[in-house]
Amino acid sequence: MKAHSKTIVICGGARTPVGHISRSLADIDAPNLMQLAVEAAIEKTRLPKDAVDGLFAGWVAQDIVAPNLARVASLRCGFPEKAHAMTMQCNCISSVEAVAMAGRAILCGEGDVYVAGGVESMSRMPYEIVGSRAEKELRSMATLKANWATLLDRETITVHDSIEQGLTDPTRGINMAATAEICAQMHGISRPAQDEYAHQSFKRTLDAWARGFYASHVAAVQWKGQTLLDKDEYPFLREDLVAKPQKFAKAPTLFDGSSYTIRDFYRDFGSRMDGKAYAEGVRGTVSLFNSCGRSDGAAAVVVASEDRAKSLGLPILAEIRGWGFYGNDPAYMGVSPALAAPLALERSGIAFSDLDQIELHEPFAATVLGVFKLGKERFGHDWEGKYRDGALNPNGGSIALGHPLGATGARLLLNLLHALRENPKGRFGMLAACAGGGIGGALAIERRD
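First residue of the sequence shown? That's 0 in numbering that gives the first Met the number 0, and the numbers climb one at a time after it.
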């Protein structure tokens, strides 16, 4: 099999507004959310459905309701029956991987036009009964119902919250918020610095909505004859945080309360902090307000070979110059973008200093500031300078917008595409994101006019 020398372009895309968990989008499941985003992307780019060679979709909370969600969405959207479809689970970089997969398929000659994106409905992530069907209570639905009242009396049967389970790394026994606190403690990232970053995320997001930035690619969710949501939900629920930033400091920290103190945290995770020991006066730093919210939403983009895009008359917004993925210790997953970015830039032939726009995932303010520090120390990349100049996350980020896990990578790409177009001098851009398990992903693009 020979690789094909083709230029890969992005023809645009669209996303749903991001809904806050258990609110406006809670009644729509992941397959339907994905379909809504794909249909919006098709409409936005005017892509003929019969030209689609495949659909790649990221979905973290995969379940048996829609085996291979990408195939379900493909058929429901009216794509050719012969079109390939694949659903991927790479945690928070799932839709970055979906876009890269589309690029690989084009380079391998498998096709020329793909839709790539991702989805998450955290509102509908289930509570799971965990146990073997060898247990008599679990052998059938009938026995399950018959033994419902005493089900949890058995030591071999438990109930798990799939959200909490999914946000806990099984190799290190650390949940994602704890990795952020480890990052803050290791790198000396203060609570005020995190709160200030989070405040700016909300301010930039609301300012971007006010000036119409998101109108370029956010499609209102119409469902059963009603408009359920026409703008990102969480930033508007928390508008008061922008006007009254002192509220950030009043939010309780996650690992420094009366029942679990920062001393306890050091006892449990000190071995992950390069030998840094607890000292009197140390305080916890990570709070709900300087962390991203749990969310529902979907996003999709059209990826094509340049020749096929031109023959179909599709808009060409950018060329994909390269991508890179890099694994690190799951306990330090939040700084992995600093490690993945050099790979993407090297393969793209672009210097970090030449980047005009950057979209960086914000799971926690602590990890963003950790990326700033590690990127500068190890690679000389001035992430913080880009941020101060308004080139990094100028339109807000995940802390304010929310984080629909499988969709965030595609959301970052849409932000990047339109930030470059809004910048008269914008040419090169890069997105970067971390993922649970310790894998970072980055993708570099060049604007096309």
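Yeah, the Cβ is synthetic: ideal placement off N, Cα and C, and Gly gets one too.
(message) Which of the three DSSP states is assigned to Cys182 in this structure?
(response) As a working mapping, residue 182 is identified with position 183 in the sequence shown. When DSSP states are grouped into helix, strand and coil, Cys182 belongs to the helix group.
(message) Output needed for Ser189: all residues of its chain with C-beta closer than 7 Å, excluding positions within five of it in sequence on either side, in chain order.
(response) On the sequence shown, residue 189 is found 190 positions in, with the first residue counted as 1. These residues qualify, in order along the chain: Thr284.
(message) Asp306 and Ser122 - do their beta-carbons sit closer together than 7 Å?
(response) Here residue 122 corresponds to residue number 123 of the sequence shown, with the count starting at 1. Here residue 306 corresponds to residue number 307 of the sequence shown, with the count starting at 1. Going by C-beta atoms, Ser122 is not nearer than 7 Å to Asp306.
(request) Could you name each continuous alpha helix (DSSP H) segment of 4 residues or more that falls completely within the segment 187-255, going from the start of the chain to the end? (result) Fully enclosed alpha helix (DSSP H) runs of 4 or longer: 190-209, 233-236, 239-242 and 245-249.
(request) List the whole-angstrom C-beta distance separating Ala69 from Leu46, where the pair is believed to meet the contact cut-off of C-beta under 8 Å. (result) Indexing the sequence shown from 1 puts residue 69 at position 70. Indexing the sequence shown from 1 puts residue 46 at position 47. Wrong, their Cβ atoms sit about 16 Å apart, outside the cutoff.
(request) May I ask which residues mark the beginning and end of the beta strand (DSSP E) holding Val158? (result) Start at 1 with the first residue of the sequence shown, and residue 158 comes out as number 159. Segment Thr157 to Asp160, the beta strand (DSSP E) holding Val158.
(message) With three or more C-beta pairs closer than 8 Å as the rule, is the segment 144-161 touching the segment 124-135?
(response) yes
(request) Compute the distance between the beta-carbons of Pro341 and Phe378, then report whether it is under 7 Å. (result) For the purposes of this step, residue 341 is identified with residue 342 of the sequence shown, where counting begins at 1. For the purposes of this step, residue 378 is identified with residue 379 of the sequence shown, where counting begins at 1. With respect to the 7 Å criterion, Pro341 and Phe378 are classified as neighbours on the basis of their beta carbons.
(message) Quick check on this structure: which residue in Ile20, Ala2, Lys43 and Ala25 has the alpha carbon closest to the alpha carbon of Leu413?
(response) Taking the first residue of the sequence shown as 1, we reach residue 413 at position 414. Ranking the options by Cα distance to Leu413, first place goes to Lys43.
(request) Could you tell me whether the segment 82-99 touches the segment 431-443, where touching means 3 or more Cβ pairs closer than 8 Å? (result) Yes, the segment 82-99 touches the segment 431-443.
(request) Can you have a look at Arg387 and say buried or exposed, based on whether 16 or more other CB atoms are within 10 angstroms of its CB? (result) Here residue 387 refers to the residue found at position 388 when the sequence shown is read from its first residue. Flag for Arg387 reads exposed.
(message) Looking at the strands, I want to know which residues DSSP matches up with Val531.
(response) The requested residue 531 does not occur in the structure, where the chain is confined to residues 0 to 448.
(request) Specify the secondary structure class of Tyr126 as computed by DSSP and reduced to three states. (result) Counting from one through the sequence shown, the residue named residue 126 turns up at place 127. In the structure shown, Tyr126 sits in a strand (DSSP, three-state: E or B).
(message) Using 7 Å as the threshold, is the C-beta distance between Leu442 and Glu358 below it?
(response) One-based indexing of the sequence shown puts residue 442 at position 443. One-based indexing of the sequence shown puts residue 358 at position 359. It is not a contact, given that the beta carbons lie outside the stated cut-off.
(message) By DSSP's criteria, Thr170 is part of a beta bridge. Which residues make up the other side?
(response) On the sequence shown, residue 170 is found 171 positions in, with the first residue counted as 1. Paired residues: none, contrary to the question.
(request) For Arg70, name the three-state secondary structure that DSSP assigns. (result) As a first step, residue 70 must be located in the sequence shown, where it is residue number 71. Helix.
(request) On a CA-only basis, which of Ile319, Ile444, Ile315 and Leu338 is nearest Gly326? Give me that one, please. (result) On the sequence shown, position 327 is the one that residue 326 refers to. With distances taken between Cα atoms, Gly326 lies closest to Leu338.
(request) Would you mind sorting Ala368 into buried or exposed? The rule is 16 or more other CB atoms within 10 Å of its CB. (result) Your numbering for residue 368 matches position 369 in the sequence shown. The residue you asked about is not Ala; residue 368 is Leu in the sequence shown. Buried, because 16 or more other Cβ atoms sit within 10 Å of the Cβ of Leu368.
(request) Please report how far the alpha carbon of Glu514 lies from the alpha carbon of Trp322, in whole angstroms. (result) Lying before the first or after the last residue shown, residue 514 is absent from the chain, which here runs from 0 to 448.
(message) Quick check on this structure: which residue in Glu80, Val59, Pro79 and Arg103 has the alpha carbon closest to the alpha carbon of Arg320?
(response) The residue you call residue 320 lines up with position 321 of the sequence shown. That would be Arg103, whose Cα lies nearest to the Cα of Arg320.
(request) Flag Asp206 as yes when its Cβ comes closer than 6 Å to any non-hydrogen atom of the ligand SAH, and as no otherwise. (result) Annotation note on the ligand SAH: not contained in the displayed structure, which lists no ligands.
(request) Look at the Cβ atom of Asn422, then the Cβ atom of Asp355, and state whether they are nearer than 7 Å. (result) Here residue 422 corresponds to residue number 423 of the sequence shown, with the count starting at 1. Here residue 355 corresponds to residue number 356 of the sequence shown, with the count starting at 1. It is a contact, given that the beta carbons lie within the stated cut-off.
(message) For Ser21, tell me which candidate among Met124, Ala65 and Arg266 has the shortest Cα-Cα distance.
(response) Position 22 of the sequence shown holds residue 21. Closest by alpha carbon: Met124.
(request) Quick one: using the 10 Å Cβ neighbour count with 16 as the cut-off for buried, is Trp147 buried or exposed? (result) As a working note, residue 147 is residue 148 in the sequence shown. Exposed, since its Cβ has fewer than 16 Cβ neighbours within 10 Å.
(message) How far does the beta strand (DSSP E) with Gly292 in it extend, from its first residue to its last?
(response) For the purposes of this step, residue 292 is identified with residue 293 of the sequence shown, where counting begins at 1. Here Gly292 belongs to no beta strand (DSSP E), and DSSP marks it neither H nor E.
(message) In chain order, what are the residue ranges of uninterrupted beta strand (DSSP E) at least 3 long that sit wholly in the segment 331-414?
(response) Runs of the beta strand (DSSP E) inside the segment 331-414: 356-359.
(request) Report the option in Ser335, Tyr233, Ser347 and His186 whose CA atom is closest to the CA atom of Thr204. (result) Position 205 of the sequence shown holds residue 204. Nearest of Ser335, Tyr233, Ser347 and His186 to Thr204, Cα basis: Tyr233.
(message) Can you tell me where the beta strand (DSSP E) holding Phe427 begins and where it ends?
(response) Looking up residue 427 in the sequence shown gives position 428. It spans Phe427 to Ala432 - the beta strand (DSSP E) in which Phe427 sits, taken as one unbroken run.
(request) Please classify Lys249: is it buried, with 16 or more other beta-carbons within 10 angstroms of its beta-carbon, or exposed? (result) Residue 249 sits at position 250 when you count from the first residue of the sequence shown. Counting Cβ neighbours within 10 Å, Lys249 comes out exposed, since fewer than 16 surround it.
(message) Tell me the residue span of the beta strand (DSSP E) that contains Glu445.
(response) Stepping through the sequence shown from its first residue, residue 445 is reached at position 446. Residue range Ile438 to Arg446 is occupied by the beta strand (DSSP E) that includes Glu445.
(request) Report yes if the CB atom of Ile261 is closer than 7 Å to the CB atom of Val241, and no otherwise. (result) Taking the first residue of the sequence shown as 1, we reach residue 261 at position 262. Taking the first residue of the sequence shown as 1, we reach residue 241 at position 242. By the CB criterion at 7 Å, Ile261 and Val241 fall outside the cutoff.
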